[in-house]
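Each remark here refers to the structure printed beneath this line.
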Amino acid sequence: MLRRNMDVKLAPERYQENRDQFDVVVTFEERVMEQVVEDMAQRQQVTLEPVLVVNLDVKDSHEEAANAAPQALKLCQMLEQGGEWEDCVDGVVAAFQAETNRRLTYTVCYY
C-alpha cells in the first residue's frame with residue numbers, strides 16, 4: 001500500500017495544514033474524521049460556508065481499500081447529482097447505506 005501511495009502523492013498530507021475550502025471532505029477512519037472536525041472547530045470561522053464531513057470506515061488493507069474505492073466514488077457522484085448537498089444529504093446517505101450496506105457518519109462544519 002505504501003508503494004501505491006507513493007505513486008499517488010508526493011508526500012504525506014495533513015488536512016490541518018491545508019487552507020483550501022472544500023464543499024465535502026471524505027475520511028476513511030473515524031479517528032481521522034474526529035481530527036478534521038476538531039481542526040474545523042478550532043479555526044476562526046470567516047466565511048461561514050458549510051462543509052460536509054463524511055466518514056466511510058475502511059479497514060487498512062488492500063482488499064478493503066479496493067472494495068471501498070468505488071463506493072466512495074459512488075457517494076461523491078450521488079452528492080454531486082443531488083445538487084446542493086445541503087438539500088440532499090439525508091436522502092443521499094440513506095440511499096447509499098441501503099445500496100452498499102455501509103454505515104456513514106457525517107456532520108457539518110463551517111469555514
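Quick note: the sequence shown uses UniProt numbering, first residue 1, plus one each step. Where a beta carbon is used, it is the ideal one built from N, C-alpha and C, also for glycine.
Tell me the rounded alpha-carbon separation between residue i and residue j.
| i | j | result |
| --- | --- | --- |
| V46 | R14 | 21 Å |
| V92 | R3 | 34 Å |
| E64 | Q42 | 32 Å |
| A98 | E17 | 35 Å |
| Y110 | D39 | 11 Å |
| L10 | A69 | 20 Å |
| G82 | M33 | 23 Å |
| K59 | L104 | 14 Å |
With respect to the alpha helix (DSSP H) encompassing residue i, which residues constitute its N-terminal and C-terminal limits?
| i | result |
| --- | --- |
| T100 | W85 to T100 |
| L75 | H62 to Q81 |
Buried or exposed: residue i, going by 16 or more other Cβ atoms within 10 Å of its Cβ?
| i | result |
| --- | --- |
| F22 | exposed |
| V89 | buried |
| V53 | buried |
| L79 | buried |
| residue 157 | No answer is possible for residue 157: it lies beyond the span of the chain, which begins at 1 and ends at 111. |
Any idea what DSSP makes of residue i, helix, strand or coil?
| i | result |
| --- | --- |
| N55 | strand |
| Y106 | strand |
| V26 | strand |
**Asked** Is the segment 20–33 in contact with the segment 66–80, if contact means three or more CB pairs nearer than 8 Å?
**Response** yes
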